[in-house]
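**Q** A single structure is presented below for examination.
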Amino acid sequence: MTTHEREDHSASYDGEVRDAWRAYGDPRVITSVVEVSAKVSTNHVYRLHLDDGGSAIAKVSSYGSYYLFREDHDRIHRSRELLQDTRWAGLLADVFVERDQLPGGPSQRTRPPRVFTHYSGQLWTAFYQDVAVDQSLPRVLSDAQIGELGEEMALLHRDCA
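Its first residue numbered 8, the sequence shown is counted upward by one per residue in my numbering.
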């Protein structure tokens, strides 16, 4: 990909993020969009800096189907809700729900909250809470650490069931 193609690609994703934010209806204004993608998938991830000093995360994709993207984000939101009364509360960043589903919104929660996703015809976007990263795993784990990680993963899967 040439430099010009990368710039066009980046500009289209920036525009998609801003269009999706407007569609979401949050009155805060995006002051900057910074790519924070891990570069390990087809998703593009951005930190949005907002005019009130807050921030949010946007995930933009064009891989697969929009239907499955939306379904995945519904599952992430539901999993996060189910984990709130466990030791895993705070493990998953929450996916933004449709604004009329926020507490005090017009719907008054007559239906389960639906995650907000935006589909432009070519790209789809979801927004997440921006959460601070606590601790990371070491680059190389000892055998004992691998065993401990396996136990923790098993406990997480048990609590998700």
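The beta-carbon is built from N, C-alpha and C at its ideal position, and this holds for glycine as well.
Under the assumption that Gly154 contacts Arg106 (Cβ atoms under 8 Å), give the Cβ distance between them as a whole number of angstroms.
**A** No, Gly154 and Arg106 are not in contact; Cβ-Cβ is about 45 Å, not under 8 Å.
**Q** Note down the Cα distance separating Phe134 from Ala45, rounded to an integer number of angstroms.
**A** Their Cα atoms are separated by approximately 17 Å.
**Q** Using 8 Å as the cut-off, can you tell me whether the segment 143–151 makes contact with the segment 79–90, which would need three or more C-beta pairs spanning the two stretches below that distance?
**A** Segments in contact, no.
**Q** Can you tell me which of the three DSSP states Tyr135 falls into?
**A** Of the three classes helix, strand and coil, the one that applies to Tyr135 here is strand, per DSSP.
**Q** Going by C-alpha distance, which of Thr93, Val41 and Asp166 is nearest Asp137?
**A** Closest by alpha carbon: Val41.
**Q** Using 10 angstroms around the beta-carbon of Pro120, count the other beta-carbons present and answer buried if the total reaches 16, otherwise exposed.
**A** So Pro120 ends up on the buried side.
**Q** Going by C-alpha distance, which of Arg94, Ala168 and Thr132 is nearest Ser19?
**A** It is Thr132 whose Cα lies nearest to the Cα of Ser19.
**Q** Anyone know if the C-beta pair for Thr38 and His51 falls short of 8 Å?
**A** Result no, Cβ atoms of Thr38 and His51 do not sit closer than 8 Å.
**Q** Could you check how far apart the C-beta atoms of Ser58 and Arg35 are, in whole angstroms? I think they sit under 8 Å.
**A** At residue 58 the sequence reads Asp, which differs from the Ser that was named. About 6 Å separates the two Cβ atoms, so the contact holds.
**Q** To which residues of the same chain is Asp15 closer than 8 Å at the C-beta, ignoring the five residues directly before and after it?
**A** Annotation note: pLDDT 46 at Asp15 (below 50); position unreliable, no value reported.
**Q** Can you give me the start and stop residues for the alpha helix (DSSP H) that Glu159 sits inside?
**A** Element bounds for Glu159: Asp150 to Cys167.
**Q** Can you tell me which of the three DSSP states Val41 falls into?
**A** Of the three classes helix, strand and coil, the one that applies to Val41 here is strand, per DSSP.
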